[in-house]
Amino acid sequence: MSAPIVTPAPRVWQADVRLTPDGRRCFDDLLPYCLDEAWSWECDHADQLTVVYHVDDSVAEKVEQRLSEALERSRVVPARQARIVYDSWSTDVAPVTGADSGPVRFTVGPGLAVHGPGSARLVRALDGLFLDLARRWGADEYLVPHLVAWETIERAGYARTFPQHLTTCAVVASDLPALDRFARARTAAERRADLREAPVAVAPTVCLHLFAALNGTRLTEPLIATARQSCGRYEAGTTTEATRLWSFDMREVVYVGDRAGARRFRDRALTDLTELVRELGLPARIGSANDPFFTDSRADLAGYQATWDLKQEVCGRMASSGAAVAVSSVNLHQQHFGQGFAMTEASGATASSACVGFGMDRWLHWIHGYLGDDPQQWPAILRRGLPDTR
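Residue 1 is where the sequence shown starts when you use this note's numbering, and the numbers rise one by one after that.
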């Protein structure tokens, strides 16, 4: 008879601090990277920051150090006060009949979901609205792949800023014996022995492809493009959350041109998105935000982003939980991608860029929570996005 498994005694880590809402979110997101070797854990922000966890004695000191480091990164407070563009958070909206049951969803793997026909219809309607916005802003539609070259990731600086999101790829070694061994393998370990790193990764965002296509280009006039594709962002500890899927769909609209034009594009997109959210009439808030920077460069990156007010988010209030979920973002990149991809504007100066992102799965859950997936119960603006109901 095998010996019973003994769970280590609980350990308690505490800090007498009150984090900001963004700080709490950051700390919670960093916890899986501190407690990877823990059997289980719970975090409480009520009176003082408290983490109760179970780990073996051999890693206890390392875990405590990681928790302290996570706290320091979470205490980074942007120097600039957040700017609120629109706020209907307290709007009282009663979900329509059937909405509270949630969209039909089948989990088929970690962070992987299949949604039913009603969800597909709602996403199609939403994407119709987003594509109309993109065309109104002067965008042409492009097709892009769901894999991205590592060279593109490096040029974009994505590995330095968001390493936690990347999903690398592997292929079977290019020789006949390897193919035979892989085909006969019975365990994951046997298969891994014949896998080789591929020069591509799952695309974490759509816009990288468009910048790569313009690499080394001198633009005679600004370019505005839109594309929709599946993306992959890994987030440790969140693969069961419906609004933080590993694989999800995103539509983006990208501007590349001069600095003033990028700001005008950003401002118009923000104005039109605000009007769209207002017309939908659902609880939401639009305002400045920071990206999820996890590395030890968080202070510098978050500070720069906040100082120049580079990121705005549309956060929907979820009907089921009241939680805030960022469904869209409007981003001003300055000359970051222009430098990385050697793009220049007509004058020869380094090009500036901006983009708007629509997380299709997040919009689905936000809208469905109040309006369901029956077009007869949707407001007119949403029905307009559905081709077969116009």
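Cβ coordinates follow ideal geometry from the N, Cα and C atoms, glycine included.
Short of 7 Å in beta carbon distance, which residues of its chain neighbour residue i, apart from the five on each side in sequence? Order them along the chain.
| i | result |
| --- | --- |
| Phe182 | Val172, Arg191, Asp194 |
| Asn331 | Leu310, Lys311, Ala354, Cys355 |
| Thr107 | Ala113 |
| Gly138 | Ile224 |
| Asp28 | Cys43 |
| Arg184 | none |
| Thr167 | Ala201, Val202, Gly232, Tyr234 |
| Gln377 | Val96, Leu371 |
| Asp92 | none |
| Thr217 | Met343 |
| Ala403 | The first residue shown for the chain is 1 and the last is 390, placing residue 403 beyond what the model contains. |
| Arg196 | Ala170, Val171, Ala173 |
| Thr239 | Pro110, Gly111, Trp246 |
| Leu301 | Thr161, Phe293 |
Among all the DSSP beta bridges, which residues are the ones paired with residue i?
| i | result |
| --- | --- |
| Lys311 | Asn331 |
| Ile286 | Tyr86, Val314 |
| Phe248 | Cys231 |
| Tyr304 | Answer is none; Tyr304 lacks a bridge partner. |
| Val253 | Thr226, Val356 |
| Val277 | None; Val277 has no bridge partner. |
| Glu197 | Ala170 |
| Thr350 | Thr344 |
| Val325 | Gly316 |
If you drop the 5 nearest sequence neighbours on each side, which residues of the same chain put their C-beta closer than 6 Å to that of residue i?
| i | result |
| --- | --- |
| Ala324 | Cys315 |
| Arg390 | With a pLDDT of only 42 at Arg390, under 50, the local geometry of the prediction cannot be trusted, and no value is derived from it. |
| Ala260 | none |
| Leu366 | Looking at the sequence itself, residue 366 is Trp, so the reference to Leu does not match. Only Gly316, Val327 meet the Cβ criterion. |
| Ala319 | Pro95, Gly369, Tyr370 |
| Leu71 | Ala15 |
| Val254 | Cys207, Leu210, Ala225, Cys355 |
| Arg362 | Thr243, Val325, Val327 |
| Thr82 | According to the sequence as given, residue 82 is Ala; it is not Thr. Here the set comprises Gly287, Ser288. |
| Thr50 | Gln14, Asp44 |
| Phe313 | Reading the sequence as shown, one finds Glu at residue 313 and not Phe. Here the set comprises Ala289, Ala326, Ser329. |
| Gly98 | Gly372 |
CB-CB under 8 Å to residue i, same chain, minus the five flanking residues each way: which ones, in chain order?
| i | result |
| --- | --- |
| Ser347 | Asp258 |
| Asn215 | Arg155, Phe341, Ala342, Met343 |
| Val144 | Ala203, Val206, His209, Leu210, Ala227, Gln229 |
| Gln339 | Thr350 |
| Ser74 | Leu19, Gly23, Arg24, Cys26, Phe27, Leu30 |
| Gly128 | Arg384, Gly385, Leu386, Pro387 |
| Leu219 | Val256, Gly257, Met343, Thr344, Glu345, Ala346, Ala351 |
| Trp308 | Leu332, Gln334 |
| Glu61 | none |
| Arg121 | Asp373, Pro375, Leu386 |
| Gly157 | His336, Gly340 |
| Ser321 | none |
| Asp100 | Ala319, Ser320, Gly369 |
What is the C-beta distance between residue i and residue j, in whole angstroms, given that I count them as a contact (C-beta under 8 Å)?
| i | j | result |
| --- | --- | --- |
| Glu252 | Ala289 | Going by Cβ atoms, the distance from Glu252 to Ala289 rounds to 17 Å, so no, they are not a contact pair. |
| Leu386 | Arg124 | 6 Å |
| Pro103 | Ser119 | 4 Å |
| Gln65 | Gln14 | 15 Å between Cβ atoms; not a contact. |
| Val76 | Ala299 | 5 Å |
| Tyr33 | Ala170 | Actually they do not touch by this definition, with Cβ atoms about 23 Å apart. |
| Val395 | Leu35 | This structure cannot speak to residue 395, because the chain is shown only from 1 to 390. |
| Trp41 | Pro8 | Going by Cβ atoms, the distance from Trp41 to Pro8 rounds to 12 Å, so no, they are not a contact pair. |
| Met360 | Leu131 | Not a contact, Cβ separation roughly 12 Å. |
| Gly357 | Ser329 | 5 Å |
| Tyr53 | Arg105 | With a Cβ gap of about 30 Å, Tyr53 and Arg105 do not count as contacting. |
Item to check | Inter-stretch contact at 8 Å, needing at least 3 Cβ pairs: the region 48 to 58 / the region 238 to 248 | outcome: no
#### Entry: At least three beta-carbon pairs within less than 8 Å, the region 373 to 386 to the region 277 to 290
yes
Taking only runs of the alpha helix (DSSP H) that begin and end inside the region 12 to 75, which ones reach a length of at least 4 residues, in chain order?
21 to 34, 57 to 74
Give a yes or no on contact between the region 284 to 299 and the region 81 to 93, applying the rule of three or more CB pairs nearer than 8 Å.
yes
Inset, instruction - Indicate whether the contact test is met: 3 or more Cβ pairs, each with one atom in the region 264 to 278 and one in the region 361 to 376, closer than 8 Å. - result: no
Original post:
Do three or more CB pairs link the region 157 to 175 to the region 292 to 301 at distances below 8 Å?
Top reply: yes
Decide if the region 143 to 150 is in contact with the region 196 to 206; the criterion is three or more beta carbon pairs, one per stretch, under 8 Å apart.
yes
Please go through the region 199 to 225 and give each complete alpha helix (DSSP H) segment of 4 or more residues, from N-terminal end onward.
207 to 213
Practice prompt. Mind listing, in chain order, the continuous alpha helix (DSSP H) runs of no fewer than 4 residues lying wholly within the region 104 to 159?
Written response: 117 to 136, 150 to 156
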